[in-house]
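Residues 53 to 455 (the working numbering) make up the sequence shown, in order. The beta carbon of each residue, even a glycine, is placed where N, CA and C say it ideally should be. Remember, predicted model here, so these are calculated numbers, not experimental data.
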Amino acid sequence: MAIQTAFAQTQLFWQHAVQEKDWRKALDALIQALRDSLVFDNLAIFMIDKQGETSEIAYARAIGREKDAEADANWGEAIATEAITHDEIVLQKPTESAENKDRRKNAYLIGLPLTASGKLIGAMSLIRFGGPDYTQEHIDLAKLASDVVAYIFEKRALQETIAELEAVQRQMRLQDDFVSTISHELRTPLGFIKGYSTTLLREDTEWDKETQREFLTIIDEETDHLTELLNNVLNSARLESKTAEMNFQPVRLDIILRDVITRIHAHYKNLVINFEPKEGSYIYGDSPMLTQIFENLFSNAIKYAPDAPIDISIKKVDDQNVQVIFADHGKGIPKKHLAYIFDRFYRVPGMTKATGTGLGLYICKQIIEAHHGKMWAESEEGQGTRFSIQLPVLTLPDIKEGV
Ligand code: ATP
Ligand code: MG
């Protein structure tokens, strides 16, 4: 190969590898560029797994005349394994006696080990049907391409590791914040309880009945708040470790919701809740856990979308699934935070002064997933937030047989 051509080829390969962020697109472009100067029909890439034991197909592409051969990427496995075992380029061509009239059976193969940072990470196989045999120049070109392929895979591994580390880092930061949040969240109700009970116990003052009642109501409410907080912390730990006990029974979603709404209305008399269920959907679920989900959603709507009505609906999506939609008309959640609100301890920074631990939505989602359902949120800034819950319904025969 003339030096200019070789230089141009190298430059083209590296350009794709370095500039393209998506590893698949980088490979597609690289292989197209390789194919422009080297004739081959199929290409397959095998990577050694993390334990270093077996190699798995990571990419396969049929380009040439025999596209249907792609369906069976096994063609490249044996030669890739050989290239990995010997850590060298392996060539294979049909023996003269075996030459076949059917050109598809005359396969010329090349297996190239893939090495990144001095470590063998996999192999790349090329197949050419019906020859001609690979020249030294072809082999050199394939070797150059295989080095770039190894680089692309190393870059992919690095990107994955960075993403994992960022997730761990985010989680650690949230966990740190959580310690200070939870101390504050525990101290506030405890402060009220201690303060009002000490006041009531003072021997130098007589409190009239009405004042006593007012103080006791505060103590009562703050105790509920503490219980709810502790339940959230315990439940989130149990759900995280998958040790939460659930008692599944046929239950009606609309009834669970009605009960929660009645309780919420007792505390928030002016809160407008629009709920006219058209379906009395039966599902197979744990009633206290499902109750907790709706309580958390109400608690959020009251904190983050105050003084605005809440719209709740239940609808069948298809024969197998029912959806509950819980929509508020508050400030909404900025797009860049929406993806994280179901993460444990996550709170949208600087949104309100409302207190919380960032456990509520995490718990909701875990409970729904334990019910084989899905939960997600959509939000429009300034318009409100819409939480959707999808759960599998119980059909009539299931109910009759008591599941
Ligand atoms: P906790 O529920 O544990 O008391 P929390 O309410 O902060 O604390 P989540 O219920 O998990 O935690 O909610 C996570 C974050 O999502 C909240 O801190 C808030 O920033 C945002 N958020 C949740 N619901 C809404 C909503 N309806 N409108 C706007 N933002 C919301
Ligand atoms: Mg909450």
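- Look at the stretch 320-377 and you find these whole runs of alpha helix (DSSP H), each 4 residues long or longer: 339-356.
- Of VAL374, ASP306 and TYR320, the smallest CA-CA separation from GLU328 is found for ASP306.
- Of all alpha-carbon atoms in TRP127, ILE204 and GLU140, the one lying nearest the alpha-carbon of ASP93 is that of TRP127.
- One alpha carbon belongs to ARG290, the other to ILE419, and they sit about 11 Å apart.
- Buried is the label assigned to GLY163, since at least 16 other Cβ atoms lie within 10 Å of its Cβ.
- DSSP places MET99 within a strand segment (E or B) once states are collapsed to three.
- For GLY163, the beta-bridge partners assigned by DSSP are VAL142 and SER177.
- Beyond the five residues adjoining it in sequence on each side, VAL324 comes within less than 6 Å, by CB distance, of PRO361 in the same chain, given in chain order.
- Chain order is used for the residues whose beta-carbon lies nearer than 6 Å to a heavy atom of the ligand MG, namely ASN348, SER351, ASN352, GLY408 and GLY412.
- Taking all protein chains shown into account, ILE136 has 16 or more neighbouring C-beta atoms within 10 Å of its C-beta and is therefore buried.
- Between GLY384 and SER339, the C-beta gap is not smaller than 7 Å, which leaves the two residues out of contact.
- The C-alpha of ASP74 lies about 52 Å from the C-alpha of GLU274.
- The three-state secondary structure of SER288, taken from DSSP, is helix.
- A Cβ-Cβ distance of about 11 Å is found for the pair LEU161 and ILE141, leaving them out of contact under the 8 Å criterion.
- Between the beta-carbon of PHE394 and that of LEU349 there is about 12 Å, and that puts the pair past the 8 Å contact cut.
- Spatial neighbours of PHE267 in its own chain (CB-CB distance under 6 Å, excluding positions within 5 residues in sequence) are listed in chain order as TYR248 and LEU252.
- Spatial neighbours of ASP80 in its own chain (CB-CB distance under 8 Å, excluding positions within 5 residues in sequence) are listed in chain order as ARG113.
- For TYR414, there is no enclosing beta strand (DSSP E); the residue is part of the alpha helix (DSSP H) that begins and ends at 412-422.
- Cα atoms of GLY332 and ARG304: separation of roughly 6 Å, rounded to the nearest angstrom.
- In the three-state scheme derived from DSSP, where H, G and I count as helix and E and B as strand, SER89 is classed as helix.
- PRO401 is classed as exposed because its beta carbon has fewer than 16 other beta carbons within 10 Å across all chains shown.
- Boundaries of the beta strand (DSSP E) harbouring SER107: 107-114, taken from the DSSP string.
- For ILE441, the uninterrupted beta strand (DSSP E) segment begins and ends at 436-444.
- GLY382 has its Cβ nearer than 6 Å to a heavy atom of the ligand ATP.
- Non-local beta-carbon contacts of LEU82 in its own chain, meaning distances under 8 Å to residues more than five positions away in sequence, involve PHE65, HIS68, ALA69, ALA197, VAL200, VAL201 and ILE204 in chain order.
- Within the chosen limit of 6 Å, the ligand ATP does not reach the beta carbon of MET341 with any heavy atom.
- Secondary structure of SER169 (DSSP, three-state): coil.
- The C-beta distance from ILE335 to VAL445 rounds to 6 Å, short enough to meet the 8 Å contact threshold.
- Looking at the DSSP output, MET224 bridges to nothing.
- Between ILE308 and CYS416, the CB-CB gap reaches or exceeds 7 Å.
- Look at the beta carbons and you see the stretch 281-290 not touching the stretch 315-324: under three pairs across the two are nearer than 8 Å.
- Residue pairing by DSSP places GLU432 opposite GLY436 in a beta bridge.
- Non-local beta-carbon contacts of MET298 in its own chain, meaning distances under 7 Å to residues more than five positions away in sequence, involve ASP338, MET341 and ALA422 in chain order.
- Taking C-beta separations shorter than 7 Å and ignoring five residues to either side along the sequence, the partners of HIS277 in its chain run PRO241, following chain order.
- When ALA96, ALA168, ASN158 and PRO146 are compared, the shortest CA-CA separation from THR133 is found for ALA96.
- Per DSSP, PRO386 lies in no beta strand (DSSP E) segment and is marked neither H nor E.
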